[in-house]
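Asks: Encoded as structure tokens, here's the structure I'll be asking about.
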Amino acid sequence: MAIWLKVTAKGGRQLYNTEKWTSQDPYLNMWITSDKSQRTTRVHDNGGIQAVWGDGFQFLVKDGSKEYLYLECMNKNMMADKVIGRAKVSIGDFMKYEESKDATDYFKLVSDKGDFGGEIQLCVSWESKEHADEDAAAAAAASEAKKKSHAPVSS
3 MAIWLKVTAK GGRQLYNTEK WTSQDPYLNM WITSDKSQRT TRVHDNGGIQ
53 AVWGDGFQFL VKDGSKEYLY LECMNKNMMA DKVIGRAKVS IGDFMKYEES
103 KDATDYFKLV SDKGDFGGEI QLCVSWESKE HADEDAAAAA AASEAKKKSH
153 APVSS
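Positions in the sequence shown are counted from 1; adding 2 to them yields the working numbering.
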């Protein structure tokens, strides 16, 4: 079953610090198995080991039982960005939540050294593609009806 997965990257906590002398500037990349195009949050300048983003993204998932959401937390640098940590989450895990209801949870990152890389807080909801298509069609019809009801009357 195809679904729309809505993911809001709320923030990160206890992030692995890749900086020695300055405060790191964390951001988050995410993608799914069937769509490798990355969605990227804004950079939290001087966020250090705590990050706040609040950026939301949507993914069309073809088969939630076989796909994963990949998270890659990075530190923005002038020369080369550094990996803070990564996570791989089964999309099937999100489907345990009730359809169209937001669920917020933390997901553990692992650093490139295999150590604890911190945690990313995500707010996730999903909706079957069929329901989403029906909702979009109903919203378009309602909008069209509203336009007609406000049309000027000619005499």
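All C-beta atoms in this analysis are idealised placements derived from N, C-alpha and C, irrespective of residue type, glycine included.
Go ahead and label residue 116 buried or exposed: buried means 16 or more other beta carbons lie within 10 angstroms of its beta carbon, across all protein chains shown.
Replies: Burial call: exposed.
Asks: Go through its chain and collect everything with a Cβ distance to residue 96's Cβ below 7 Å, but skip five positions before and after it.
Replies: Same-chain partners within the cutoff: 7, 126 and 128.
Asks: Tell whether a beta-carbon distance below 9 Å holds between residue 71 and residue 91.
Replies: Cβ distance < 9 Å, so residue 71 and residue 91 count as in contact.
Asks: Taking 6 Å as the limit between beta carbons, can you name the residues of its chain near residue 87, skipping five residues before and five after?
Replies: Hits under 6 Å: 18, 75, 111, 112, 113, 119 and 120.
Asks: Going by the beta-carbon positions, is the gap between residue 59 and residue 11 smaller than 9 Å?
Replies: Yes, Cβ-Cβ distance for residue 59 and residue 11 is below 9 Å.
Asks: Per DSSP, what kind of secondary structure is residue 132 in: helix, strand or coil?
Replies: Here residue 132 sits in helix by DSSP.
Asks: Using the C-alpha atoms, what's the distance from residue 35 back to residue 102?
Replies: Spanning the two alpha carbons is a distance of roughly 22 Å.
Asks: Could you tell me whether the Cβ of residue 76 comes closer than 9 Å to any Cβ of chain C?
Replies: Of the chains in the structure shown, none is chain C; there is only one protein chain.
Asks: What are the boundary residues of the alpha helix (DSSP H) that includes residue 34?
Replies: Per DSSP, residue 34 belongs to no alpha helix (DSSP H); it is in the beta strand (DSSP E), 28–34.
Asks: Three-state secondary structure (DSSP) at residue 157?
Replies: Residue placement at residue 157 is poorly supported in this model, since its pLDDT is 48, which falls under 50; the coordinates are not used for a value here.
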